[in-house]
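Student: Got a structure for you, questions after.
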Amino acid sequence: MSDTTYNLASLLEKSAEKYPDREAIVLADTRMTYAQVNGAANMVANLLVSRGIEPGDKVALSCANLPYFTIIYYGILKAGASVVPLNVLLKGREVAYHLGDAEAKAYFCFEGTAELPIGAEGFAGFNAADGCEQFFVVTVDPAAPAPIEGAETFGQALSGQAPTFETIATDEDDTAVILYTSGTTGQPKGAELRHRNMRDNALAGADLFGASEDNPDTALCVLPLFHSFGQTVVQNGTFAFGGTVVMLPRFEADAALKTMAKEKVTFFAGVPTMYWALLGALDDSGVDVKELAANLRVAAAGGSALPVEVHKEFEKRFGVTILEGYGLSETSPVASFSPFGQDVRVGSIGLPIPGVEMKLLQSESWDEVDDADNADAVGEIAIKGHNIMKGYYNRPEATEESIQDGWFRSGDLGRKDADGWFYIVDRSKDMIIRGGYNVYPREIEEVLLTHPDVSLAAVIGVPHESHGEEIKAVVILNKGATVTEDELIAWGKEQMATYKYPRQVQFVDDLPMTATGKILKRELS
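Residues 1 to 525, numbered by UniProt numbering, are exactly what the sequence shown covers, in order.
Next up, the structure:
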């Protein structure tokens, strides 16, 4: 059965109806109300329908954290089409692949900057892709001419479109968003997420954080909106309760801290490296930490495992306990979270959210790990519930491999305690096998972070003639650190079992990261 209330865009529409004059989006000096955002999204929907886009068609979007992303996102949904958000770091060849794989009919692309030429790369990809018929370049100034020869600007296309639109009814099982996985192995795959997947996950997440329409949150949006964490937890979850999304196009710790203070941010969600960077920039930022802490109601972390030392230091400095959660693009994304208002178990990703189940599987089968009498039993996390994707777009074999009887295999290794709280051990693909022993990099990283000279560490396996793999630590040191590589290896030997401690250490100034702030271990060697 189809209904406009099933459409994910209803999250925006309901808040626009109830609170038309509330601020929905803030970007520096730009401030847009819910009525303005909804009206602009209606113009996008009218544009798409006038250009022949039909319900179920796929429309791609490349845009940094700018109001344009949210406006176009909801406009596509209002037209009954599916949004295909693309990573803004993609090159032309990669854009062409994503457009073709998703069978996108139209493509909105921000013009970008000299440092990040999203527009030029996007247009190159559009021209190389088969089947994508329309390209709109989004300019900072809507009245500006197209910065790319032959491209139609978003401002030109929107001219004359009405700010009213009757949202097209959708079934709750229709595809709302196709999110592409990072593609650490093989080509990226598109996870098809239903309207109910995304809507229910946004509502469940916001409810977990104690969100309220009477006292709406002001959320800092530094997580990329093309990623499910930013979309669901920050954008959709905040809009569902009439809150304000404060955007930063690019995460920089100093700018983030100053924006949090200026806008009196009450909700912050980030990946672990963002928390690490905030702590590193705090003393030089000039920001009053007490004022920040007085405003900040919730701090949420996900995307990768949060180091225990970062967790403890943030609580010490900000007076706010980070609530850690877990999820993937394929799970919309939230699968588990540390319940708001309960005592946090440091290092845990919490309990499955309402309507979701989790269990541990054996590595070579779909059989459940017998952990009844063993709290240290490790298995691959499997998830079942309202948040599980339809499958990988046009990839039935890959879907069948990852989903059976409604259970999705995550690829992450975990354990759970006697009370059902889950803990991430590591990615199954990151696990190191040294001389026949299973070594989990995250465990070693946690130990290294307790050394007073270590600021951040990434542990990887490197080839070894006799042991198969050897353990290597790539480390960023604190300012003024004096420890040598040999000294850190010797210290590790004292702290860890013989088969665990790193035999190789490399000091670096920074670590390669994805646009979402995850450390790219595959680029380390």
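Where a beta carbon is used, it is the ideal one built from N, C-alpha and C, also for glycine. It should be emphasised that the depicted structure is a prediction, and the values quoted were computed from it without experimental measurement.
Given a cut-off of 8 angstroms on the beta-carbon distance, is the pair leucine 292 and methionine 260 in contact?
Tutor: Against a cut-off of 8 angstroms, the Cβ pair of methionine 260 and leucine 292 comes out as a contact.
Student: Identify the residues that DSSP records as bridge partners of serine 62: which are they?
Tutor: Paired residues: Cys109.
Student: At which residue ranges does the region 274-320 contain complete beta strand (DSSP E) runs of 3 or more residues, listed in the order of the chain?
Tutor: If we require 3 residues or more, the beta strand (DSSP E) runs fully inside the region 274-320 come out as 298-301.
Student: Determine the closest residue to valine 245 out of Phe69, Gly155, Gly80, Leu99, with distance taken between C-alpha atoms.
Tutor: Closest by alpha carbon: Phe69.
Student: Just curious, the beta strand (DSSP E) that glutamate 470 is in, first and last residue?
Tutor: Counting along the chain, the beta strand (DSSP E) containing glutamate 470 begins and ends at 468-477.
Student: Of the residues Ala300, Pro249, Met274, Ala294, which one's Cα is nearest the Cα of threonine 232?
Tutor: Of the listed residues, the one whose Cα sits closest to threonine 232 is Ala300.
Student: Less than 8 angstroms separating the beta-carbons of leucine 77 and leucine 158?
Tutor: Their beta carbons are not under 8 angstroms apart, which means leucine 77 does not touch leucine 158 by this criterion.
Student: Determine the closest residue to proline 117 out of Glu172, Ile148, Ile25, with distance taken between C-alpha atoms.
Tutor: Among Glu172, Ile148, Ile25, the Cα nearest to that of proline 117 belongs to Ile148.
Student: Looking at the secondary structure, which residues open and close the alpha helix (DSSP H) in which valine 177 lies?
Tutor: Looking at the DSSP string, valine 177 is not in any alpha helix (DSSP H); the run it does join, the beta strand (DSSP E), is 175-180.
Student: With DSSP as the reference, label alanine 79 as helix, strand or coil.
Tutor: If DSSP states are grouped into helix, strand and coil, alanine 79 belongs with coil.
Student: To which residues of the same chain is glutamine 495 closer than 6 angstroms at the C-beta, ignoring the five residues directly before and after it?
Tutor: So the list reads Val447, once near-sequence residues are dropped.
Student: Out of curiosity, what's the CA-to-CA distance linking lysine 359 and alanine 382?
Tutor: Taking the straight line from one Cα to the other gives about 5 angstroms.
Student: Mind checking which residues open and close the alpha helix (DSSP H) that includes methionine 43?
Tutor: Per DSSP, methionine 43 belongs to the alpha helix (DSSP H) from 34-50.
Student: Roughly how many angstroms lie between the CA atoms of arginine 297 and glycine 319, to the nearest whole one?
Tutor: Cα to Cα, the separation comes out at about 10 angstroms.
Student: Buried or exposed: leucine 11, going by 16 or more other Cβ atoms within 10 Å of its Cβ?
Tutor: Buried, since its Cβ has 16 or more Cβ neighbours within 10 Å.
Student: Count Cβ pairs between the region 466-474 and the region 421-438 that sit closer than 8 angstroms; are there 3 or more?
Tutor: With a cut-off of 8 angstroms, the region 421-438 and the region 466-474 count as touching, because enough Cβ pairs lie within range.
Student: Considering Cα atoms alone, identify which of Phe507, Glu213, Tyr275 is closest to leucine 223.
Tutor: Measuring from the Cα of leucine 223, the nearest candidate turns out to be Tyr275.
Student: Taking isoleucine 118 as part of the alpha helix (DSSP H), name the residues at either end of that continuous run.
Tutor: Per DSSP, isoleucine 118 belongs to the alpha helix (DSSP H) from 118-128.
Student: Can you tell me whether threonine 185 is buried or exposed, with buried defined as 16 or more other CB within 10 angstroms of its CB?
Tutor: A caution first: threonine 185 carries a pLDDT of 48, below 50, which makes its placement in the model too unreliable to give a value.
Student: Excluding five sequence neighbours on each side, which residues of the same chain lie with their C-beta closer than 8 angstroms to the C-beta of leucine 351?
Tutor: The answer, listed in chain order, is Ser336, Phe337, Ser338, Pro339, Gly420, Trp421, Phe422.
Student: Can you give, in chain order, each stretch of the alpha helix (DSSP H) that sits fully within the region 184-268 and has at least 4 residues?
Tutor: DSSP runs (the alpha helix (DSSP H)) wholly in the region 184-268: 195-208, 237-240, 253-262.
Student: Suppose you measure from the CA of alanine 41 to the CA of glutamate 13; what does that come to, to the nearest Å?
Tutor: When rounded, the distance between both Cα atoms is 10 angstroms.
Student: Rounded to a whole number of angstroms, what is the C-alpha to C-alpha distance between alanine 129 and aspartate 343?
Tutor: When rounded, the distance between both Cα atoms is 51 angstroms.
Student: Of the residues Gly379, Leu203, Glu192, Arg415, which one's Cα is nearest the Cα of glycine 347?
Tutor: Nearest of Gly379, Leu203, Glu192, Arg415 to glycine 347, Cα basis: Arg415.
Student: In the structure shown, what three-state DSSP assignment does phenylalanine 69 receive?
Tutor: Helix.
Student: Assuming phenylalanine 165 and phenylalanine 136 form a contact by the criterion Cβ under 8 angstroms, report the distance between their Cβ atoms to the nearest whole angstrom.
Tutor: Not confirmed; about 17 angstroms, so no contact.
Student: Which residues in the same chain as glutamine 504 place their Cβ atom closer than 6 angstroms to its Cβ, once the five residues preceding and following it in sequence are excluded?
Tutor: Within the same chain, glutamine 504 has close Cβ partners Lys472.
Student: Quick check: the Cα distance between arginine 196 and glycine 210, rounded to an integer number of angstroms?
Tutor: When rounded, the distance between both Cα atoms is 21 angstroms.
Student: Does the distance from the C-beta atom of alanine 303 to that of valine 265 stay below 8 angstroms?
Tutor: Checking the sequence, you will find glycine at residue 303 rather than alanine. No; because the gap between Cβ atoms is not below 8 angstroms, this pair is not in contact.
Student: Please classify isoleucine 309: is it buried, with 16 or more other beta-carbons within 10 angstroms of its beta-carbon, or exposed?
Tutor: Checking the displayed sequence, the identity of residue 309 turns out to be glutamate instead of isoleucine. Buried, by the Cβ-count rule.
Student: What are the boundary residues of the alpha helix (DSSP H) that includes lysine 14?
Tutor: That run of the alpha helix (DSSP H) goes 10-18.
Student: Ordered along the chain, which non-local residues of its own chain (more than five positions away) have a Cβ less than 7 angstroms from that of proline 463?
Tutor: The answer, listed in chain order, is Glu469.
Student: Just verifying my parser: in three-state terms, what is the DSSP assignment at glycine 131?
Tutor: Of the three classes helix, strand and coil, the one that applies to glycine 131 here is coil, per DSSP.
Student: What does DSSP give as the partner residues of lysine 384 in its beta bridges?
Tutor: Bridge partners of lysine 384: Glu357.
Student: Can you give, in chain order, each stretch of the beta strand (DSSP E) that sits fully within the region 379-463 and has at least 3 residues?
Tutor: You should have 379-385, 407-416, 422-427, 432-434, 437-439.
Student: Quick one: what's phenylalanine 337 bridged to in DSSP?
Tutor: For phenylalanine 337, which the question treats as bridged, DSSP gives the partners Gly325, Leu351.
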